[in-house]
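In the UniProt record's numbering, the protein residues as written are 1 to 308.
Yeah, the Cβ is synthetic: ideal placement off N, Cα and C, and Gly gets one too.
Bear in mind the structure is a predicted one, so any value in this text is a computation, not a measurement.
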């Protein structure tokens, strides 16, 4: 059985005869007759019976027509789906991220550009997000720190300075800025080990020889805020992620470059995916990058960098 044989049968049955089908679908009548004859001969069935000068569907033909009607309707649906997906009127994009701040901005811009695309977001730590990306459980990742990996394409997105925050009655609360050396011996509440914000902050401290007193490690930004509010110590955060509060003061760091970064990461072999490329184009517009590589991809690298 061939697809063309089923199609010929379906066309003749719906058109009401061989002549009508030949005219409607611009196919010669002998071709239609040969296709249907081959189908009947292969399975030993009679699909049409003669009624005078007319040929009508047999009982077998009527049952087969019900099947081909479903078959070609689903074919048409599949074609419509693929066409819409190609034109990004429908589809699904899965994104993994280490935090909600940057990815929310990206998602809002992408949803505005392609409202028919379903978006799925999973927040996790760097290891989980990267594992999901490599295992094809997500299409794109928004990560902070990336080690060199030839499998990955890494696109810089944004960077933000890290600042210190203290309770409003702290001795530094009235300052416009603070030098890292002034934090020597200061009780500090730190992010968990592996945090890229902590990595950036401690790297800058090490360059100045400054040694604050670590009093607590907490793996939650919200819990760290509460600890600072309760006077247990001071802490640090990316300025972009600081939530203003009357009980807290954010103080920029003076005399040192301490930054967190955000990168969009994808598998290099998936960079030709239409939906992924569309996402990267939106990211490019959102970030305001001025340089594109050939083919319209934002400038990318494999190089590791610090981030949030």
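Would you identify the three-state DSSP class for residue 285, choosing helix, strand or coil? The answer is helix: DSSP assigns residue 285 an H, G or I state.
Below 8 Å, can you find three or more Cβ-Cβ pairs linking the segment 158-169 to the segment 132-144? Per the Cβ contact rule, the segment 158-169 is not in contact with the segment 132-144 (fewer than 3 Cβ pairs under 8 Å).
Where do the ends of the alpha helix (DSSP H) carrying residue 166 lie? First-last for residue 166: 152-167, but that is the beta strand (DSSP E), not the alpha helix (DSSP H).
Are there 16 or more other CB atoms within 10 angstroms of the CB of residue 11, so buried, or fewer, so exposed? By the beta-carbon neighbour count (other beta carbons within 10 angstroms, threshold 16), residue 11 is buried.
Integer Cβ distance of residue 204 from residue 256, believed to fall under 8 Å: 5 Å
From residue 138 to residue 223, what distance separates their C-alpha atoms? 29 Å
At which residue ranges does the segment 211-297 contain complete alpha helix (DSSP H) runs of 4 or more residues, listed in the order of the chain? Listed in chain order, they are 221-229 and 274-287.
Euclidean distance between Cα positions of residue 307 and residue 143: Confidence at residue 307 is low in this model, with a pLDDT of 38, below 50, so its placement is unreliable and no value can be given for it.
Write down every uninterrupted run of the beta strand (DSSP E) in the segment 28-77 whose length is 3 residues or greater and which is fully enclosed by it, in chain order. DSSP runs (the beta strand (DSSP E)) wholly in the segment 28-77: 48-51 and 54-57.
Buried versus exposed call for residue 225 [16 or more other C-beta atoms within 10 Å across all chains shown]: buried
If you run the structure through DSSP and keep just helix, strand and coil, what is residue 123? DSSP places residue 123 in strand when its eight states are reduced to three.
Between residue 151 and residue 285, how many whole angstroms is the CB-CB distance? I'm expecting something under 8 Å. In fact, because the Cβ distance is near 26 Å, the residues do not count as touching under 8 Å.
Pairwise C-alpha distance: residue 202 and residue 148: 22 Å
DSSP three-state call for residue 146: helix, strand or coil? DSSP places residue 146 in coil when its eight states are reduced to three.
Residue burial classification, residue 115 (beta-carbon count within 10 angstroms, cutoff 16): exposed
Can you look up residue 93 in the DSSP assignment and give me helix, strand or coil? strand
To the nearest whole angstrom, what separates the beta carbons of residue 188 and residue 213, a pair I think is in contact under 8 Å? At roughly 7 Å, the Cβ-Cβ gap stays under 8 Å, so residue 188 and residue 213 are in contact.
Measuring only the C-alpha atoms, how far is residue 19 from residue 54? Between residue 19 and residue 54, the C-alpha separation is close to 11 Å.
I'd like to know whether the C-beta atoms of residue 121 and residue 103 end up nearer to each other than 8 Å. yes
Between the beta-carbon of residue 153 and the beta-carbon of residue 251, is there less than 8 Å? no
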